[in-house]
Structure formats: C-alpha cells, structure tokens
Amino acid sequence: MKKNNDDLFRFVEYSAEAAERTGYSDYSYWKSVFQNFLKKKSAVVMAFIFFGLVIFSFIALAIGKYDYAELLTDSALAFQAPNGEFWFGTDNLGRDYWCQVWFAAQTSIKLAIIVALGECFVGVTIGCLWGYVRVLDRPLTEIYNVINNIPMIIYMTLIALLIGQSFTVMAISLICFGWLPMARNVRNLVLMYRDREYNLASRCLGTPVWRVLVKNILPYLISIIILRLALSIPSTIALESTLSYLGLGLGIDTPSLGILLRNARNYFLDYPYLLIFPAVIVSLITITFYLVGNAFSDAADPRNHV
Amino acid sequence: MVKYTIKRLLQTLVTVLIVATIVFLLMRMLPTDYFFTEDQLMKLTPEQKQEQLEAAGLTDPVGEQLIRFYGQILRFDFGESRRIQSGVDVVKVIGSKFTVSMRLGCTALVISLFVGVFIDIIQTINKDKLLDHIGTGYTIFVNAVPSLVSYSLVLVFGSTVLGLPSLYSTRNPGPSSILPVVCLSLASIAHYALWTRRYMVDELNKDYIKLARVKGMSFNSIMVKHVFKNAFVPLVQYIPTSFLYTIGGSLLVERFFSVPGMGPLLNDAIIRYDVNVVQTLAIIYGTMGTVGVFLGDVLMMLLDPRIKLVGKGETR
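Line by line, the protein sequences are chains A and B. Per my numbering, the very first residue in the first sequence carries number 855; after that it's consecutive. Per my numbering, the very first residue in the second sequence carries number 1256; after that it's consecutive.
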C-alpha cells in the first residue's frame, strides 16, 4: 500500500468568489437552441436561401414589368417563351408569367404560415387538455375519430359549395381539420408526463391546471411542436396546391401554385417552362424550409444541449 | 382474443354509423338546387321542382329521412345512383370504378413495398456513404415537394422523354397506367424506405446484434435473420390500411391522369347531389379506416408474439 502523501490532500481556503462561480450557470434555453442551430452550416445556408426567396418574392413583384392587378389577357401574346420582355414567358392567355409565379409563391407561403400557426395553437391547446384532463379524454377521442374518419374531400366540397372559396375560408377550414394530428401527438406526450412525480407534487400543492400545463409540461414538448410546425408548412403548401387543383381550394382568380398548375396542366407538355418555373421556386421553398425545420427542432431538443 | 375482436368490431360499427349519420346530415345542408342539372334549373317551374323533390323523398322532415336511411343500411340496400349513372345500383357504379382503382393501387403498393424495402436495405448497408445520402435526398424531396409538382415532373419526363401516354385510357390500360402507378408509388416508397431505415438502424445498434457478430455470424445472415425480421414488425401495422386505401383510389392521381376510378367519384357525387352514392362512399371510407387499423394491430400481434393487445386498452 502506498503511503499517504499529505501534499495531495490539502484543505482549500473558502473563497466566496469561487463558490459563486461553480453555482452559476449562464445556460439559457433559447440561446443554446440558436447556438446549436448555428453549428449546422448546411441548415444555416438553407435558412438563408429560404429567407432570401421570401424577400426576393417581394422584390420580384416590384421589379417586374407587369403588375399583377393590371394583367391583361391578350391572346396574340400567348405562349411566348421567356424573353427580355416577359422574363418567365406568358401563359395561355398572354399574361406575364413572372408576376403570376411570384405572386403565387407569396400566396402559398402566406397561407402556409397562417395555417401552420393556427394549427399549432389549436392543436397544442386541445392536445394539452385532452391529455391532462381525464374527463375530456373520452369525448375528445370520439370527436377525433369521427372527424378523422370522414374524408376531407366531403368537408372541402361542402365548404366550397356552401360558403364559397376565398383565402380566409381556405385558411380557416385548413386549420379546422389540420389540428387533429398535432393534438393527438401532444396528447400522447402529455399522457407520458402528466403523472411524473414533480407533477404529482405540483397537484398536491394545489397548483392550478393551466400552470402545471404551461410551466411543467409544455417545455418538454417544444421541440416536437417546432418540428410539427416546420413540417406543416411544406405540407400545407402541398395540400393547398392539391385542393386548388381539384377546384376545392382557392378561387380561380387567386393565383396560387395549385391554380397555376391547374391552368397549365393542358399546356405544359408543349410549353415546359409553364411548369418548370413555379415547380422550381416552390420546391426550393419547401425543401429548404423542411431541412431548416428539421435542424431547428434538433437544436430545440434540450437533450441535445450541453 | 375473440372477446377483444368482437369489442373492436362493435366499436368500428358504432364509429361507421356515426360517420354515416354525420355525412347524411351534412348532405342535407346543401341547397336543393344542386339536385337538378343546369338545364332543369332553368326550364322547370318551382312546382315541378317541388314535385321531383317530393318524389325523391327529400322534402320530408330530416328525422324521418334519417330513419328511412338506417332501414336501408340494415337491409344493405344502398339505393340507386341518380346522376352519376342514372338509375344504376350504387353498388354497381362503385364496383366498376373500384376495380380500376384497386388494380392501380395494388400494383403501386406491391412495387412500393419491394422498392422501398430494397432501397432501405441498400441504405442501411451503405450507412453514411454516397448511396445512403442519395436515398435520404429522395425521401426529403418526396416529403417536402408538393405532390402536384412531383406528379407534373413525372408526367413531363415520362411523356416527353420516354414517350408514355399522358392520360389513362381504357383501351390500352397497360402502358397508360405506368405513369399513374409511378406517381402512386412515389410517396409510399419514400415512406417505407424512411421508416424501415429508422427501425433497422435502431435494431442494428442493439446488444443482441453485437452478440451475433461476436459469435461469428456473417453480416448478411444477421441482416436477414435478425434485423429485417424485427424491423418489419412495426411496418406491418400500416400495410392493411394502405391496402384498403388502394380501393379508395387517389383523388389527385386519378384526376391528374383522368383515370376513371373511385377517387374523383366522391367529389363528383357531392357536387351533383347524388345522395345515395355519397352516403355509400362515406360508409366504405369509414369502414376502411377503422378496419385497417384493427387489421394492422392483429397482424402485428401475429408476427410478434410479445405484443399483447388485450391488456393495452388501459393507458395508465
């Protein structure tokens, strides 16, 4: 056995400053989220492309030679290939395609952001109550099953026939049916956390339900909520284009991706540029956002933090 | 098990009944103007319209109509189509469309299962190499890009480069259904590849795999005997649902390629106020959704004896 070396074990003098330093942590949730996010160079590049495109869609409308509101139909100018006058060519009615494409991109992004935020708000609120308040479990499950089992086409067709087609109607109805998966996901997570000891303790101490939900449970769900939010933007753009293509979405005079492709469906085999411009722009927007959303939700997961 | 099955089936029945009732009520909210064609709307006098509506039983109180509707369901009498194909039995109308959708859908399902799992195996074997990244790129592309855009790209590529017909035609269903099938499988290949990959990678990191390696089993036989078998179990859950949904057809694909399938039928029937067709379709779709989930659970249990459904109903 080794001899004890007294030099190795000395008492350290008490220092208030050093004690303070060990106890102090400058950890802040959102700060480390952004730090983690910025570490991923590819995601940052994607984010730049995404925001660049969104900003450019405004610039593009401003620098374009034609204003969307004053587009004239002139069949003599139909199907002009892209040239100096019409940067993206013209469509079957001789209207400038450049301003239509950018306007459509804007409409799609605007709708997607509104719907994603709305879905998220409704979904999280209902999901939290669904998971936490036991009395509500059965009725909400039944409501979920019923809404989920009726094909969405029935609702959308009825809404289109009864109420009409406009941006607001579309946004509201997409929110009304889009909260379901979000709420279900949140509910399952809340079920996992609701009976942990610290929540039990909170309940015993008489903490009100909303406080338990907002302060104890919600922070755990943030990364999942962000992921859902991020993925619902590309999927809303997809859904909008599908519905508009089928004639159940936005009105025919609101330019959006679905409407553009619907108008171009009969022509783009002969005039591929009618497809390529909107397709490339929208794909860039959705793909970059998808990747950024994935990276951001990884960064938002506290388990990945130091 | 038997008791559990009966319970689940009864639940299904209740859900379908509720769905049918709601759809029934929703349909009654439509203005009766949609009952007539545009021609009839212009020519008929209000009295004549009223007469026709009464003959169809649409002016009775809603409660009475509803009871009559329940009676019809009990007798499995779904009535006749009125405007999709005038006077033909709804079952026949749906039957003729359903075979088309189902043939396309099943082909697509089989293709996507095989191709999806194949892509995924290649990806797992070449993890973090070029092929893996290509596969991931494909899944991201399919998930992020709106399906309308990817269908259009498939269409343009298929018809200009490969010279395939751009619209479905009943006269030569073979070549003209290639593009619709490709479009149908596009998304589900990515879906299967993504999920199998996730489960396989999870499975590969487990301890028993290490043990098998240490014992000297070859990589290939580990993949086939252990990893694949285990990773397939969670996937199996979705197969019945996807199979049943092939019957329903895909609205977008069928519209896009003018396939005379089930997909657009619902939409057409609503617009033309073909109440019987809409109700029957709603019952079919409702049943498919619930039965699919149930079959998925049962299949999963059969493949993996560790999973028990009976005690699962109680969630803490």
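Beta carbons: idealized from backbone N, C-alpha and C, even for Gly. Since we're looking at a predicted model, the values are computed, not measured.
I want to verify the contact list: residues of chain B whose CB lies under 7 angstroms from the CB of I1007(A), in sequence order.
Those within 7 angstroms of I1007(A) in chain B are L1506, L1521, N1522.
Taking 7 angstroms as the limit between beta carbons, can you name the residues of its chain near S869(A), skipping five residues before and five after?
Same-chain partners within the cutoff: there are none.
Answer yes or no: does any C-beta atom of chain B fall closer than 8 angstroms to that of V1146(A)?
Not closer than 8 angstroms to any Cβ of chain B, the Cβ of V1146(A) fails to qualify, so no.
Which of the residues in the region 1401-1435 of chain B, read from start to end, lie with their CB under 7 angstroms from any CB of chain A?
The residues in question are P1401, S1402, L1403, V1404, S1407, L1408, V1411, S1414, T1415, S1421.
Taking CB distances under 8 angstroms as the criterion, tell me whether Y1540(B) reaches chain A.
Yes, contact with chain A.
By alpha-carbon positions, which one of I1477(B), L1439(B), T1451(B) ends up nearest to E1509(B)?
Closest by alpha carbon: L1439(B).
So, is the C-beta of T1096(A) closer than 8 angstroms to a C-beta in chain B?
So yes, T1096(A) belongs to the interface.
For a quick check, are the C-beta atoms of S962(A) and L1403(B) less than 8 angstroms apart?
Going by C-beta atoms, S962(A) is not nearer than 8 angstroms to L1403(B).
Do you know how far the Cα of Q960(A) is from the Cα of Q954(A)?
Each residue's Cα considered, the two are about 10 angstroms apart.
Taking F1396(B) as the query, report the chain A residues whose CB atoms sit under 9 angstroms from its CB, ordered along the chain.
S1137, I1141, listed in chain order.
Here's the rule: buried if 16 or more other CB atoms are within 10 angstroms of the residue's CB, otherwise exposed. What is Y881(A)?
Result: exposed.
Can you tell me whether V1146(A) is helix, strand or coil according to DSSP?
Of the three classes helix, strand and coil, the one that applies to V1146(A) here is helix, per DSSP.
Under 8 angstroms, with one C-beta from each stretch per pair, do the region 1144-1154 of chain A and the region 881-897 of chain A reach the 3-pair mark?
Contact between the region 1144-1154 of chain A and the region 881-897 of chain A is present, because at least three Cβ pairs lie under 8 angstroms.
With 8 angstroms as the threshold, decide whether the Cβ of M1211(B) is near any Cβ in chain A.
Residue 1211(B) is absent from the model: chain B starts at 1256 and stops at 1571.
Here's the rule I'm using: 16 or more other beta-carbon atoms within 10 Å means buried, otherwise exposed. How should F1474(B) be labelled?
So F1474(B) ends up on the exposed side.
At the 8 angstroms Cβ level, is V899(A) part of the contact set with chain B, yes or no?
Answer no: the Cβ-Cβ gap between V899(A) and chain B never drops below 8 angstroms.
Would you kindly work out how many angstroms separate the C-alpha atoms of T1570(B) and N1039(A), rounded to a whole number?
Residue placement at T1570(B) cannot be trusted, given a pLDDT of 40 that sits under 50; what the coordinates show is reported in the next sentence. For T1570(B) and N1039(A), the distance between alpha carbons rounds to 15 angstroms.
Does the region 1489-1508 of chain B come into contact with the region 1531-1543 of chain B, if we say contact requires no fewer than three beta-carbon pairs (one atom in each stretch) closer than 8 angstroms?
Yes: the two stretches touch, three or more of their Cβ pairs being nearer than 8 angstroms.
Quick one: list the residues of chain A neighbouring T1391(B), beta-carbon separation under 7 angstroms, in chain order.
Correct list: empty, because the minimum Cβ distance to chain A is about 11 angstroms.
How close, in whole Å, do the beta carbons of L1308(B) and T1276(B) come, if the pair is a contact with beta carbons under 8 angstroms?
22 angstroms between Cβ atoms; not a contact.
For A1448(B) versus I1526(B), is the C-beta distance shorter than 8 angstroms?
For A1448(B) and I1526(B), no; Cβs fall outside 8 angstroms.
So K1352(B) and G1516(B) are supposed to be a Cβ contact under 8 angstroms. How far apart are they, rounded?
About 5 angstroms; that satisfies the 8 angstroms criterion.
For the region 962-976 of chain A and the region 1086-1101 of chain A, state whether three or more C-beta atom pairs, one from each stretch, are separated by less than 8 angstroms.
Yes: the two stretches touch, three or more of their Cβ pairs being nearer than 8 angstroms.
Taking the alpha carbon of M1357(B) as the point to measure from, which residue in D1552(B), S1432(B), G1318(B), R1263(B) has its own alpha carbon closest?
The shortest C-alpha separation from M1357(B) is found at S1432(B).
What residues of chain B sit near P1088(A), judged by a beta carbon separation below 9 angstroms?
Correct list: N1398, A1399, V1400, P1401.
For I1538(B), which residues in the same chain have their Cβ closer than 7 angstroms to its Cβ, ignoring the five residues on either side in sequence?
Once the five neighbours on either side are set aside, the close Cβ partners of I1538(B) are V1271, A1275.
If distances are taken between C-alpha atoms only, which option among V1514(B), V1491(B), L1536(B), R1453(B) comes closest to K1382(B)?
The shortest Cα separation from K1382(B) among V1514(B), V1491(B), L1536(B), R1453(B) belongs to R1453(B).
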